[in-house]
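J.: The opening position of the sequence shown corresponds to residue 539 in the working numbering, with each subsequent residue numbered one higher. Before we start, here is the structure in question, set down as structure tokens.
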Amino acid sequence: AFITADQKQSAGNSYEKTNVQGTSNLIKAAKNAGVKRIIEIGGLGTRPDKPGSYMQGRYLAEKMLKDSGLDWTIIQPSVLFGKNAPFIKGLSGLISSAPVVPLIGGGKVLFQPIYVEDVVTVIVKTLEDPARTTGKTFTIGGPAYYSFTQVIDELLRAMHKKRIKAPAPTVLVGIGAAVMEAVLPKPPLTRAAMTLFSFNNTTDLNSVERDFGFKPMSFTTYLQEHGV
């Protein structure tokens, strides 16, 4: 189990303790139980970062698995959508509670939202074809790119709400996220989530169809059919 970017750290539940040490414990338990293979669900853009950070935890967890001697596959999706998906749930909560929606970094960062059930299908297909998928990292995303502004517009449309959208410097929003972490038990935005705005969270548009043989559902279609 991972602490995802929508959750803040606590004294007994840090990115280091849960995401890194937890992965180490899982690998040891797998070896003791005779488990030969692990599939890890990470995220696009995983890279080394400052010690103790969310992104560094993701990077170390992946490195640990690759060095474990077990058969492994790593799946790195873009942001997920679907019932209670953290990224979209956080944004819809922000829209519901605030009259002004900050367009972080000017709203230009790109995302490639992918349906959580399509990620499950990818996992199943990975398990069914170990010869092709073992020892590989797969980057996956939905069938369309959305700027952050477009993500907000899609959510506003689905929620039947109107909000003022204001471009906001990433540094300023990061300070706001730190304040919310300090005073709220479940902040709508965390400093870890801000990491996702430091790069385009995208891969090839045909990644799922190319590597797993099916076309994933689009974010727009999902919202039209199911709402937020």
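Where is the CB? At the ideal position from N, CA and C, for every residue including glycine.
Put Gln614 into one of helix, strand or coil per three-state DSSP.
T.: strand
J.: Could you compute how far the alpha carbon of Gly643 sits from the alpha carbon of Arg585?
T.: Straight-line Cα distance between these residues: approximately 20 Å.
J.: Can you give, in chain order, each stretch of the alpha helix (DSSP H) that sits fully within the region 678-707 and has at least 4 residues?
T.: Fully enclosed alpha helix (DSSP H) runs of 4 or longer: 686-697.
J.: Taking the alpha carbon of Ala716 as the reference point, which residue from Pro705, Pro707, Arg701, Met732 has its own alpha carbon closest?
T.: When Pro705, Pro707, Arg701, Met732 are compared, the shortest CA-CA separation from Ala716 is found for Met732.
J.: Around the Cβ of Asp667, are there at least 16 other Cβ atoms within 10 angstroms (buried) or fewer (exposed)?
T.: exposed
J.: With burial defined as no fewer than 16 other Cβ atoms inside 10 Å of the residue's Cβ, what is the status of Asp656: buried or exposed?
T.: Counting other Cβ atoms within 10 Å of its Cβ, Asp656 reaches 16 or more and is therefore classed as buried.
J.: Select from Leu632, Lys574, Ser745, Asp609 the residue whose C-alpha is nearest the C-alpha of Ile702.
T.: Leu632
J.: Mind checking who Asp609 pairs with in its DSSP beta bridge?
T.: Arg575
J.: On a Cα-Cα basis, can you pick out the residue from Leu648, Val639, Gly679, Lys601 that is closest to Val658?
T.: Of the candidates Leu648, Val639, Gly679, Lys601, the one whose C-alpha sits nearest the C-alpha of Val658 is Gly679.
J.: With DSSP run on the structure shown, which of helix, strand or coil describes Thr664?
T.: helix
J.: Classify Leu598 as buried or exposed, calling it buried when 16 or more other Cβ atoms lie within 10 Å of its own Cβ.
T.: buried
J.: Going by C-alpha distance, which of Pro726, Lys753, Val617 is nearest Leu648?
T.: Val617
J.: Looking only at C-alpha atoms, which of Arg596, Gln545, Pro589 sits nearest to Thr560?
T.: Here the sequence assigns Gly to residue 560, which means Thr is not the residue at that position. With distances taken between Cα atoms, Gly560 lies closest to Arg596.
J.: Distance check for Phe735 and Thr708, CA to CA, integer angstroms please.
T.: 8 Å
J.: Between the alpha carbons of Thr741 and Met755, how many angstroms are there, rounded?
T.: 16 Å
J.: In angstroms, rounded to a whole number, what distance separates the CA positions of Ile565 and Leu694?
T.: 42 Å
J.: Excluding the 5 residues flanking Val660 on each side, which residues of the same chain have their C-beta closer than 7 Å to its C-beta?
T.: Ile613, Ile678, Val746, Phe750
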